[in-house]
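J.: Chain order of the listed sequences is W and F. With the working numbering applied, the first sequence corresponds to residues 1 to 336, in that order. With the working numbering applied, the second sequence corresponds to residues 337 to 672, in that order.
Protein chains: 2
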Amino acid sequence: MKALVNAPENVVAEALEGMALAYPELLHVETEPRFLRRSDAPRRGKVALVSGGGSGHEPLHGGFVGSGMLDAACPGEVFTSPTPDQILAAAQAVNGGAGVLLIVKNYTGDVLNFQLAAELLAAADIPTETVLVDDDVAVTDSLYTAGRRGVGATVLIEKICGAAAEAGKSLADVARIGREVNAAARSMGLALTPCTNPQAGQPSFQLGEQEIEFGIGIHGEPGRSRIPLAKADTLTEMLLTPILADLPFRSGDTVLLFVDGLGATPLLELYIVYRAATRIAEQHGLRISRRLVGSYMTSLDMAGVAITLLRMQEDWLGYWDAPVRTPALSWGATPC
Amino acid sequence: MKALVNAPENVVAEALEGMALAYPELLHVETEPRFLRRSDAPRRGKVALVSGGGSGHEPLHGGFVGSGMLDAACPGEVFTSPTPDQILAAAQAVNGGAGVLLIVKNYTGDVLNFQLAAELLAAADIPTETVLVDDDVAVTDSLYTAGRRGVGATVLIEKICGAAAEAGKSLADVARIGREVNAAARSMGLALTPCTNPQAGQPSFQLGEQEIEFGIGIHGEPGRSRIPLAKADTLTEMLLTPILADLPFRSGDTVLLFVDGLGATPLLELYIVYRAATRIAEQHGLRISRRLVGSYMTSLDMAGVAITLLRMQEDWLGYWDAPVRTPALSWGATPC
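1. What residue range does the alpha helix (DSSP H) around Ala-48/W cover?
2. Check whether the segment 516 to 525 of chain F and the segment 569 to 584 of chain F are in contact - that is, three or more C-beta pairs closer than 8 Å.
3. Output the distance between the C-alpha atoms of Ser-67/W and Asp-321/W, rounded to the nearest integer angstrom.
4. Could you work out which residues of chain W lie near Thr-416/F, taking near to mean beta carbons separated by less than 9 Å?
5. What do you get for Ala-581/F, buried or exposed, if any count of 16 or more other CB atoms within 10 angstroms of its CB means buried?
6. Against chain W, which members of the segment 494 to 512 of chain F pass a CB distance test of less than 8 Å?
7. Pick from Ala-639/F, His-364/F and Phe-450/F: whose alpha carbon is nearest that of Leu-352/F?
8. Taking the Cβ atom as the reference point for each residue, do Trp-667/F and Ser-330/W lie within a distance shorter than 9 Å?
9. Run down chain F in chain order and give the residues with a C-beta less than 7 Å from the C-beta of Glu-17/W.
10. Tell me Ser-561/F's beta-bridge partners as DSSP assigns them.
11. Anything in the segment 644 to 662 of chain F with a Cβ closer than 7 Å to a Cβ of chain W? List those residues in chain order, please.
12. For Val-65/W versus Thr-326/W, is the C-beta distance shorter than 9 Å?
13. Going by other Cβ atoms of all chains shown within 10 Å of its Cβ, with 16 needed for buried, is Gln-422/F buried or exposed?
14. Under 6 Å Cβ to Cβ from Cys-531/F, same chain only, skipping five residues before and after it: list those, please.
15. Could you spell out where the beta strand (DSSP E) holding Arg-485/F opens and where it closes?
16. Under the three-state reduction of DSSP, which class applies to Glu-129/W: helix, strand or coil?
17. Note down, in chain order, every chain F residue with its Cβ under 9 Å from the Cβ of Asn-6/W.
18. Determine, using beta carbons only, whether Glu-545/F comes closer than 9 Å to chain W.
19. Give me the residue from Thr-572/F, Lys-567/F and Glu-502/F with the minimum Cα distance to Val-660/F.
20. At a Cβ threshold of 9 Å, is Lys-441/F touching chain W?
21. For Val-436/F, which of Ile-554/F, Val-347/F, Arg-380/F and Val-473/F has the nearest alpha-carbon?
22. Considering only residues of the same chain and omitting the five flanking positions on each side of Ala-339/F, which have a CB-CB separation below 6 Å?
23. Comparing alpha-carbon positions, which option in Gly-488/F, Ala-508/F and Ala-458/F lies nearest Ile-643/F?
24. Between Leu-580/F and chain W, is any beta-carbon pair separated by less than 9 Å?
25. Does DSSP put Leu-190/W in a helix, in a strand, or in coil?
26. Which class does Lys-338/F belong to by DSSP, given the choice of helix, strand or coil?
27. Near Ile-624/F, which residues of its chain fall below 7 Å by C-beta distance, leaving aside the five closest residues on each side in sequence?
28. In angstroms, rounded to a whole number, what distance separates the CA positions of Gln-546/F and Ile-554/F?
29. Is Val-12/W close to chain F? Criterion is C-beta to C-beta, closer than 9 Å.
30. Spatial neighbours of Cys-336/W within its chain, please: CB distance less than 8 Å, with the 5 preceding and 5 following residues excluded, ordered by chain position.
31. Check for me: the alpha helix (DSSP H) holding Leu-604/F runs from which residue to which?
32. Any beta carbon from chain F within less than 9 Å of Cys-336/W's own beta carbon?
33. If you reduce the DSSP assignment to three classes, tell me which class Ala-73/W lands in.
34. What does the Cβ neighbour count give for Ser-142/W, buried or exposed, with the cut at 16 atoms within 10 Å?
35. Can you tell me which of the three DSSP states Asp-596/F falls into?
36. I need the straight-line Cα distance from Tyr-632/F to Ala-124/W, nearest angstrom please.
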């Protein structure tokens, strides 16, 4: 395995030190237990957003800590859930008196540990709500999941709920919005190459020279099938067809289209997929009102792409457009 | 070769169509001849910034078109210089009457074609200045270059000159600033894997399982040597030592530290390198006042990292911090 690391066991700790050094104005990294928080947290009277999960999906989640998105993120080791004490400490550190929203991707370890943390928070009289993300249409019941896996919708929920919290919405309202976004989002991805966990040293699976994993999970868990590599337009249609059918998305729907690189995918390829996806969405009668193209939720060095489609509600547009300043997603109040 | 493409000959054209669809508010893509321009260009009275080069380095340059950076970018085919007619048409389209600054990386084809375009612009009575970027300390006279290659400093010049132009500086001043930034910047990179040009279908070179190319060029051209893979801290020191010695950077200097992923490098690894680089810089007595960490100038799917160090001048800090809204670099006026 080739990677720019020192000791495999220190990958996450050293990367977090690097993040703290790279973004001194935006975030602080705590080490005992480990979490990242907004440098200006807690924000009095604002609902605090806390997410987390295994590392290896950067910039998710730590790259979304900052004004307009997360108040804290709890990174586990690579592809390993964070522990309840991390989540508890993060939530206590950023709680501004208006309660804490936990945003949890549907993987068994994450669900269990966030649930334990929520019970500890309740015992500490900190009001807590949880949004469980399960937007992946590829498979039901997977290697690490009962039900559907949580993937790209997580980024959209963190942005939209982050803006709603910033706008002063109550914990109940922010949680409701998060659940509504999750319910209106569907995703699916495919891998051209496996990823290699530097703490394991081996590729997560093997693929033939002209083979792809269709419906891939973000830890390299199996998808729906192994299929031959095909043209980008064909593969994009194969991803979008089950996404469109699942919600289902209907002609006339207004959508946000998110094309996500899985880590090693050149931007040239993401734009080719985005082009194909817009055509298919428009043939389906959808109006694309917002979009996101880039590598925002990755699987280390995996080459591949995932597509998320979100049926937008009118009041989410303002939340999407609202200012945000995090390492990975940043824009000002208006185009300057 | 595995890539998300349709036909190799259409990679750039289709990716540009995708970009136009992804950023309708920020930019327009012209096809005959091919260039990207700010959607609100020309800006009356503002110096216009035009850059370009071979495709395959995304987000450079098209991803830096927008307010606060480039007015136009001219993409060639993959790893192929844009033609003079592209550059001429782009400059004419975005010239707002205050002249045009051409930002050119030092590769023979780029230099020649931008020079021809500058002559055509002079004949059309459009005042033009050129900033030639040649910050790579790895080698002198390379596969496509006489003198030093232009690499990471390009991103910094486009940001700093973009802000200076936005602030109303004259063409002579913006060009002077660009040359000063180039003169104060030094870079070097290394590759863990080759890249594969989808229009060629073959890896650009071969590397052993535990071998890296030290001093790599952004088209896969040879660097200084093939060396065994080592720890991230060791490799970071090997990159920084010649960078520090070259300018030379001196104890007490204030610097911008830019750690650039070459395309397929996980963010976890970039943060580990950033951590190492800050330590070495500080041991050298440098004060890091600004930083940039991410994949901003890439070589398709190459795994590896490049480091750029810029000795900052006081008046560049405000230009660096100034608002920017482009696909790849974006922030508002103040942390929100």
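For every residue, glycine included, the Cβ atom is placed at its ideal position computed from N, Cα and C. The model shown is predicted, which means the values in this text are computed figures rather than measured ones.
T.: The answer reads as follows:
1. Within the first sequence, numbered from 1, the residue matching residue 48/W stands at position 48. Element bounds for Ala-48/W: not the alpha helix (DSSP H) but the beta strand (DSSP E), 48 to 55.
2. yes
3. For the purposes of this step, residue 67/W is taken as the residue at position 67 of the first sequence. For the purposes of this step, residue 321/W is taken as the residue at position 321 of the first sequence. Their Cα atoms are separated by approximately 13 Å.
4. As a position in the second sequence, residue 416/F is number 80, starting the count at 1. Neighbours of Thr-416/F on chain W: none; closest Cβ ~13 Å, over 9 Å.
5. As a first step, residue 581/F is located in the second sequence; it is residue number 245 there, counting from the start. By the neighbour-count rule (16 or more Cβ atoms within 10 Å), Ala-581/F is not buried but exposed.
6. none
7. Within the second sequence, residue 352/F is the residue found at index 16, counting from 1. Leu-352/F has its Cα closest to that of His-364/F, out of Ala-639/F, His-364/F and Phe-450/F.
8. Taking the first residue of the second sequence as 1, we reach residue 667/F at position 331. Taking the first residue of the first sequence as 1, we reach residue 330/W at position 330. A contact, by the Cβ cut-off of 9 Å.
9. Numbered from 1 along the first sequence, position 17 holds the residue referred to as residue 17/W. The contacting residues are Arg-611.
10. The residue labelled residue 561/F in the question sits at position 225 within the second sequence. For Ser-561/F, which the question treats as bridged, DSSP gives the partners Phe-550/F.
11. Pro-659 and Arg-661
12. On the first sequence, residue 65/W is found 65 positions in, with the first residue counted as 1. On the first sequence, residue 326/W is found 326 positions in, with the first residue counted as 1. Yes; because the gap between Cβ atoms is below 9 Å, this pair is in contact.
13. Walking along the second sequence from the start, residue 422/F turns up at place 86. By the neighbour-count rule (16 or more Cβ atoms within 10 Å), Gln-422/F is buried.
14. Here residue 531/F refers to the residue found at position 195 of the second sequence. Taken in chain order, the residues that qualify are Ser-540, Gly-556, Ser-635, Leu-636, Asp-637 and Met-638.
15. As a working mapping, residue 485/F is identified with position 149 in the second sequence. Looking at the DSSP string, Arg-485/F is not in any beta strand (DSSP E), and its letter there is neither H nor E.
16. Here residue 129/W corresponds to residue number 129 of the first sequence, with the count starting at 1. Strand, per DSSP.
17. Within the first sequence, residue 6/W is the residue found at index 6, counting from 1. By Cβ distance, chain F contributes Lys-567, Ala-568, Asp-569, Thr-570, Ile-608 and Ala-612.
18. As a first step, residue 545/F must be located in the second sequence, where it is residue number 209. Answer yes: the Cβ-Cβ gap between Glu-545/F and chain W drops below 9 Å somewhere.
19. As a position in the second sequence, residue 660/F is number 324, starting the count at 1. Comparing Cα positions, the closest option is Glu-502/F.
20. Taking the second sequence and counting its residues from 1, one reaches residue 441/F at position 105. It does not; no Cβ of chain W falls within 9 Å.
21. Translated into positions along the second sequence, residue 436/F becomes position 100. When only C-alpha atoms are compared, the closest one is Arg-380/F.
22. The sequence position of residue 339/F within the second sequence is 3, counting from 1. Only Pro-534 meet the Cβ criterion.
23. Start at 1 with the first residue of the second sequence, and residue 643/F comes out as number 307. Of the listed residues, the one whose Cα sits closest to Ile-643/F is Gly-488/F.
24. The residue given as residue 580/F occupies position 244 in the second sequence. For Leu-580/F, the answer is no, since every Cβ of chain W falls outside 9 Å of its Cβ.
25. In the first sequence, residue 190/W corresponds to position 190, counting from 1. Leu-190/W: strand per DSSP, three-state reduction.
26. Walking along the second sequence from the start, residue 338/F turns up at place 2. In this structure, Lys-338/F counts as coil in the three-state DSSP scheme.
27. Mapped onto the second sequence, residue 624/F falls at position 288. So the list reads Val-591, Leu-593, Thr-614 and Ala-617, once near-sequence residues are dropped.
28. Walking along the second sequence from the start, residue 546/F turns up at place 210. Walking along the second sequence from the start, residue 554/F turns up at place 218. C-alpha separation (whole angstroms): 21 Å.
29. As a working mapping, residue 12/W is identified with position 12 in the first sequence. So, interface residue.
30. Translated into positions along the first sequence, residue 336/W becomes position 336. With a pLDDT of only 42 at Cys-336/W, under the threshold of 50, the placement of this residue in the model should not be trusted; the figure read from the coordinates follows. Counting only Cβ-Cβ distances below 8 Å, and skipping sequence neighbours, we find nothing.
31. Reading the second sequence from its first residue, position 268 is the one you call residue 604/F. Taken as a continuous stretch (DSSP letters only), the alpha helix (DSSP H) holding Leu-604/F covers 603 to 619.
32. In the first sequence, counting from the first residue as 1, residue 336/W sits at position 336. With a pLDDT of only 42 at Cys-336/W, under 50, the local geometry of the prediction cannot be trusted, and the value read off the model is given with reservation. So yes, Cys-336/W belongs to the interface.
33. Taking the first sequence and counting its residues from 1, one reaches residue 73/W at position 73. Looking at Ala-73/W - three-state DSSP - the assignment turns out to be strand.
34. Taking the first residue of the first sequence as 1, we reach residue 142/W at position 142. The residue in question, Ser-142/W, is buried, as its Cβ has 16 or more Cβ neighbours within 10 Å.
35. By one-based count along the second sequence, residue 596/F stands at place 260. Of the three classes helix, strand and coil, the one that applies to Asp-596/F here is strand, per DSSP.
36. Translated into positions along the second sequence, residue 632/F becomes position 296. Translated into positions along the first sequence, residue 124/W becomes position 124. Tyr-632/F and Ala-124/W: Cα-Cα distance of roughly 44 Å.
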